[in-house]
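*Asks:*
Numbering (the UniProt record's numbering), first residue to last: 1 to 85.
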């Protein structure tokens, strides 16, 4: 499980990482395959578009590295009104 952005601030970032780890554990996903990325150009900001090229490269890397056969993401409506969802 790969989360692209960690959160808006340090406290929320830690909370989001904990939630991610708990989700992985409940789903039976090994924590070594449960990542919260912190990439400079991809930050949690409800008003910032993310680069499709960067997202593609990151997604492609982890699909290959973890030999994924399932990808779940937000639909067009996203969540919370963030434009990057």
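Glycine included, each C-beta is placed from N, C-alpha and C at the ideal position.
Here the structure is a predicted model, which is why all the values come from computation and not from measurement.
Rounded to whole angstroms, what is the Cα-Cα separation between residue 14 and residue 30?
*Replies:* In a straight line, the C-alpha of residue 14 is about 19 Å away from that of residue 30.
*Asks:* Residue range of the alpha helix (DSSP H) that residue 60 falls in?
*Replies:* First-last of the alpha helix (DSSP H) with residue 60: 52–65.
*Asks:* Per DSSP, what kind of secondary structure is residue 35 in: helix, strand or coil?
*Replies:* Residue 35 falls in the strand class under three-state DSSP.
*Asks:* Could you give the distance in angstroms between the alpha-carbon of residue 55 and the alpha-carbon of residue 12?
*Replies:* Taking the straight line joining both Cα atoms gives about 22 Å.
*Asks:* So, at 8 Å on beta carbons, what are the nonlocal neighbours of residue 39 in its own chain, with the 5 sequence-adjacent residues on each side left out?
*Replies:* Cβ within range, chain order: 4, 5, 54, 58.
*Asks:* For the putative contact between residue 63 and residue 50, defined by C-beta atoms under 8 Å, what is the C-beta separation to the nearest angstrom?
*Replies:* Not a contact, Cβ separation roughly 17 Å.
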